[in-house]
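One structure is given here, and the rest of the page talks about it.
There are 4 protein chains.
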Amino acid sequence: MPKVTVEHRLARRAQIVAAARHCVIEQGFHKTTMADVIRESGLSAGAVYGYFRSKDEIVEAIADDALSAVGELFEDILAMPDPLPLGQAMRKVLDHVVDIAERPGGDVTRVALQAWAEAVHNPAIAAIAAAKWTPLRSHFAAIVRRAQAGGSLPPDADPDHVAQALFGLLPGFLMQRLLLGDVTPESYADGIDALLGSHPQR
Amino acid sequence: MPKVTVEHRLARRAQIVAAARHCVIEQGFHKTTMADVIRESGLSAGAVYGYFRSKDEIVEAIADDALSAVGELFEDILAMPDPLPLGQAMRKVLDHVVDIAERPGGDVTRVALQAWAEAVHNPAIAAIAAAKWTPLRSHFAAIVRRAQAGGSLPPDADPDHVAQALFGLLPGFLMQRLLLGDVTPESYADGIDALLGSHPQR
Amino acid sequence: MPKVTVEHRLARRAQIVAAARHCVIEQGFHKTTMADVIRESGLSAGAVYGYFRSKDEIVEAIADDALSAVGELFEDILAMPDPLPLGQAMRKVLDHVVDIAERPGGDVTRVALQAWAEAVHNPAIAAIAAAKWTPLRSHFAAIVRRAQAGGSLPPDADPDHVAQALFGLLPGFLMQRLLLGDVTPESYADGIDALLGSHPQR
Amino acid sequence: MPKVTVEHRLARRAQIVAAARHCVIEQGFHKTTMADVIRESGLSAGAVYGYFRSKDEIVEAIADDALSAVGELFEDILAMPDPLPLGQAMRKVLDHVVDIAERPGGDVTRVALQAWAEAVHNPAIAAIAAAKWTPLRSHFAAIVRRAQAGGSLPPDADPDHVAQALFGLLPGFLMQRLLLGDVTPESYADGIDALLGSHPQR
DNA sequence: AATGAATGAGGTTTCATTCAT
DNA sequence: TATGAATGAAACCTCATTCAT
Numbered sequence: 001m002p003k004v005t006v007e008h009r010l011a012r013r014a015q016i017v018a019a020a021r022h023c024v025i026e027q028g029f030h031k032t033t034m035a036d037v038i039r040e041s042g043l044s045a046g047a048v049y050g051y052f053r054s055k056d057e058i059v060e061a062i063a064d065d066a067l068s069a070v071g072e073l074f075e076d077i078l079a080m081p082d083p084l085p086l087g088q089a090m091r092k093v094l095d096h097v098v099d100i101a102e103r104p105g106g107d108v109t110r111v112a113l114q115a116w117a118e119a120v121h122n123p124a125i126a127a128i129a130a131a132k133w134t135p136l137r138s139h140f141a142a143i144v145r146r147a148q149a150g151g152s153l154p155p156d157a158d159p160d161h162v163a164q165a166l167f168g169l170l171p172g173f174l175m176q177r178l179l180l181g182d183v184t185p186e187s188y189a190d191g192i193d194a195l196l197g198s199h200p201q202r
Numbered sequence: 001m002p003k004v005t006v007e008h009r010l011a012r013r014a015q016i017v018a019a020a021r022h023c024v025i026e027q028g029f030h031k032t033t034m035a036d037v038i039r040e041s042g043l044s045a046g047a048v049y050g051y052f053r054s055k056d057e058i059v060e061a062i063a064d065d066a067l068s069a070v071g072e073l074f075e076d077i078l079a080m081p082d083p084l085p086l087g088q089a090m091r092k093v094l095d096h097v098v099d100i101a102e103r104p105g106g107d108v109t110r111v112a113l114q115a116w117a118e119a120v121h122n123p124a125i126a127a128i129a130a131a132k133w134t135p136l137r138s139h140f141a142a143i144v145r146r147a148q149a150g151g152s153l154p155p156d157a158d159p160d161h162v163a164q165a166l167f168g169l170l171p172g173f174l175m176q177r178l179l180l181g182d183v184t185p186e187s188y189a190d191g192i193d194a195l196l197g198s199h200p201q202r
Numbered sequence: 001m002p003k004v005t006v007e008h009r010l011a012r013r014a015q016i017v018a019a020a021r022h023c024v025i026e027q028g029f030h031k032t033t034m035a036d037v038i039r040e041s042g043l044s045a046g047a048v049y050g051y052f053r054s055k056d057e058i059v060e061a062i063a064d065d066a067l068s069a070v071g072e073l074f075e076d077i078l079a080m081p082d083p084l085p086l087g088q089a090m091r092k093v094l095d096h097v098v099d100i101a102e103r104p105g106g107d108v109t110r111v112a113l114q115a116w117a118e119a120v121h122n123p124a125i126a127a128i129a130a131a132k133w134t135p136l137r138s139h140f141a142a143i144v145r146r147a148q149a150g151g152s153l154p155p156d157a158d159p160d161h162v163a164q165a166l167f168g169l170l171p172g173f174l175m176q177r178l179l180l181g182d183v184t185p186e187s188y189a190d191g192i193d194a195l196l197g198s199h200p201q202r
Numbered sequence: 001m002p003k004v005t006v007e008h009r010l011a012r013r014a015q016i017v018a019a020a021r022h023c024v025i026e027q028g029f030h031k032t033t034m035a036d037v038i039r040e041s042g043l044s045a046g047a048v049y050g051y052f053r054s055k056d057e058i059v060e061a062i063a064d065d066a067l068s069a070v071g072e073l074f075e076d077i078l079a080m081p082d083p084l085p086l087g088q089a090m091r092k093v094l095d096h097v098v099d100i101a102e103r104p105g106g107d108v109t110r111v112a113l114q115a116w117a118e119a120v121h122n123p124a125i126a127a128i129a130a131a132k133w134t135p136l137r138s139h140f141a142a143i144v145r146r147a148q149a150g151g152s153l154p155p156d157a158d159p160d161h162v163a164q165a166l167f168g169l170l171p172g173f174l175m176q177r178l179l180l181g182d183v184t185p186e187s188y189a190d191g192i193d194a195l196l197g198s199h200p201q202r
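The structure is reproduced here in structure tokens:
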């Protein structure tokens, strides 16, 4: 019984999550079997169950992980002293989504889509999704308020409603990218710019 | 019971699809078992397999069905002699989505979300999704061109890119409605209106 | 309710047996489903069950039919005024087996092999096999006795034992023909002739 | 129960094969269900499928096993310095067949008969049968060549043809023994001896 | 802590047979 | 007689999880 450090435990956990993510990216949550995860992780069944009590717990871990990815960016955007014009902010967000999708380890946006679908009938995943989306929309609302202050959006609009729409553009981007493959940050941002009535500002 | 009319066969098929849809709405594609569908349909296992060769085939049928629902509206919108202003067109589309979701028989948008997720690793569903989305986006592009002709959108914008964005608003609406529950056609359309060049045109 | 003649009934029965034989030749007794037989026969399920009470009854019918085929020849051989030399008799029998196998309608010897295997654990088929084999061996014994009378076989040998061996050559011929494909009546008869120690008499 | 020796695994495999053989001897390949094998083996479904990927694989294993049994003897016969007279060699072979049939564990010759029938429409089994029969016939051909050298068979006969006939006597022996029950190595060998034209040499 | 063989409930699908029309 | 849709028991196989070592 070797003593095991906390780092070791965390590394093992990450190893399992990575393996599971890999499987889920290729097969989805349900076609991915524990045997798949075990094989891919290089550990034994017993070991995996030493770190996660059930398959559901692993699913929640990779869902959490995938749903967190988009949120990261906003710290940066909101930390900027001069508020970005809306169009440029969206461009940055879309670039970030593609960046995430192309990270080594596999396209996490595929996992995110799985998680959204799963959330519909799995309360644990629904809770995770809500917990990730709510602050994300708040970030959009903050950006909207800045834009209103800067005069590029009507001051009487409800920032939460505008945030719904801005945030609402993301799933559609991600899904068209995944399923149709003909959408890029550029094309999508161009479309948004046209809607914004403003002339694209790069 | 031999010699059965075509209507009978179609009715039976619809009965099975309805039963399957009911199950999928509540449990998703994968937790729905054939036993569930069989019980819910009121038929026997053999009967169900007389109408569908496999569970996959049933899944494809309800996916097709769910992914078709949104498209229906556009015949109406595009048939109107006087082009709708963009904001109003989007409002109509969002109302339609809610209308679909509240139809008796269960919220089909939940099935649609399942189908999108499934499409990521199921080529048959991916094909269906692509087949349904492509004309839908074309409809949006047609609306965009009308708006450009009417001067409410910049004439140099690529209509296909704008259509990507407009169409891209729908999954986000649907998902926020399903998972957060605080989005309505009104709130979302208000947000879109604010984005639309700031001069809401109602 | 049209009146149906006896000939009609017999024709229908033969039609079903032919269809079933066709299936069994290609797939064996057990992989052949009633649906296969029904489709192949061109009749309806109900019709087929009007002529045979069960699949087992059909199986028995084609087994009987296949196990009868070899026996036909002996009437001819034994009716000959001048007894055939043993080697030539065997040659005639082997030719007959190939003749049967090549009849239109499919190679019945494949069915015979199925039936022998089935007889091991199916008393009805075992009874049929015994009923067909016993007279067949008697015919061989009769031939043996003629040969003994003619001096070409030791007079003190038990004709029944010799008949066992002669009859016993047939399954081996049939099986090597079916499974290895390198055995012909000529090659096999040559081998037998060599064993007969006698100088081949053609 | 992890970390299990190779012997353990082989023993388990043998346990499953024995259980399956037991079932097949009594019911044949097709009436034998996996549930039967599982029950008889004393293992669980999952355990059985841990050793064999499918029922077909189990069937192939017992077919291989059954078709191998007769071949064993020939090493002995051919190793003898003084070639056996043909009649005596056949007697030995027939005794060996009965010996095999009476081994504890059940009459494998019943399985062999199943396998021959199965081979007709199952390429995997056909391949096994061919692989087992070909060397067996070669052994017979070797015996024939010795007999020719010793003068007890005509030197101009094709040894392969004679081997076909000698080998061909076996299925007929086995089947008459199984289905009619009135054939013994003695009776059959007597019959063969009579055919050999030679006077029985015991 | 780690292993991985074993468990067994439960999944999908088939198929001989029936019976209302 | 004839039809063929319907039945439902039972087939094969999977897989999340456990636990003796």
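Residue numbers (full-length UniProt numbering), protein chains in the order written: chain A, 1 to 202; chain B, 1 to 202; chain C, 1 to 202; chain D, 1 to 202.
C-beta atoms are modelled at their ideal positions from N, C-alpha and C, and glycine is treated no differently.
None of these values were measured; they are calculated from a predicted model.
For residue i, the nearest candidate out of the options (CA to CA)
i	options	result
residue 81 of chain B	B:143, B:178, B:15	B:143
residue 229 of chain B	B:155, B:78, B:84	The structure shown does not extend to residue 229 of chain B, since chain B spans only 1 to 202, so no value can be given for it.
residue 173 of chain A	B:102, B:163, B:84, B:48	B:163
residue 84 of chain C	C:25, C:170, C:152, C:110	C:152
residue 171 of chain D	D:89, D:86, D:110	D:110
residue 130 of chain A	A:22, A:67, A:102, A:75	A:67
residue 49 of chain D	D:13, D:72, D:63, D:123	D:13
residue 71 of chain A	A:155, A:185, A:133	A:133
residue 190 of chain D	C:89, C:156, C:15	C:156
residue 20 of chain A	A:8, A:6, A:60, A:10	A:60
residue 32 of chain B	B:62, B:94, B:88, B:187	B:62
residue 154 of chain A	B:193, B:58, B:52	B:193
residue 17 of chain A	A:7, A:64, A:181	A:64
residue 188 of chain B	B:92, B:145, B:158	B:92
Simplified DSSP assignment, three categories, for residue i
i	result
residue 1 of chain A	Note that residue 1 of chain A scores 40 on pLDDT, short of 50, meaning its location in the model is unreliable; the coordinates nonetheless yield the value given after this. If DSSP states are grouped into helix, strand and coil, residue 1 of chain A belongs with coil.
residue 183 of chain B	coil
residue 169 of chain B	helix
residue 152 of chain B	coil
residue 134 of chain C	helix
residue 201 of chain B	Low confidence applies to residue 201 of chain B: its pLDDT is 35, below 50, so where it sits in the model is not reliable, and the reading given next is rough at best. In the structure shown, residue 201 of chain B sits in coil (DSSP, three-state: anything other than H, G, I, E or B).
residue 124 of chain B	helix
residue 174 of chain B	helix
residue 196 of chain A	coil
residue 190 of chain A	helix
residue 157 of chain C	coil
Heavy atom of the ligand HEM within 7 Å of residue i beta-carbon
i	result
residue 147 of chain B	For the ligand HEM, the structure offers nothing, since it holds no ligand at all.
Rounded distance between the beta-carbons of residue j and residue i, thought under 8 Å
i	j	result
residue 69 of chain B	residue 38 of chain B	Not quite, the Cβ-Cβ distance comes to about 25 Å (not below 8 Å), so this is no contact.
residue 27 of chain D	residue 121 of chain C	6 Å
residue 119 of chain A	residue 126 of chain A	4 Å
residue 168 of chain A	residue 169 of chain B	5 Å
residue 147 of chain D	residue 160 of chain D	With 8 Å as the limit, residue 147 of chain D and residue 160 of chain D do not qualify as a contact, their Cβ atoms being about 14 Å apart.
residue 117 of chain D	residue 116 of chain C	7 Å
residue 41 of chain D	residue 15 of chain D	6 Å
residue 185 of chain D	residue 108 of chain D	That pair is no contact at about 16 Å.
**OP:** Go through the region 39-120 of chain C residue by residue and report every complete run of the alpha helix (DSSP H) that reaches 4 residues or more, in order.
**Re:** The region 39-120 of chain C is shown to contain whole alpha helix (DSSP H) runs of 4 or more residues at 45-51, 55-68, 72-79, 86-101, 108-119, in chain order.
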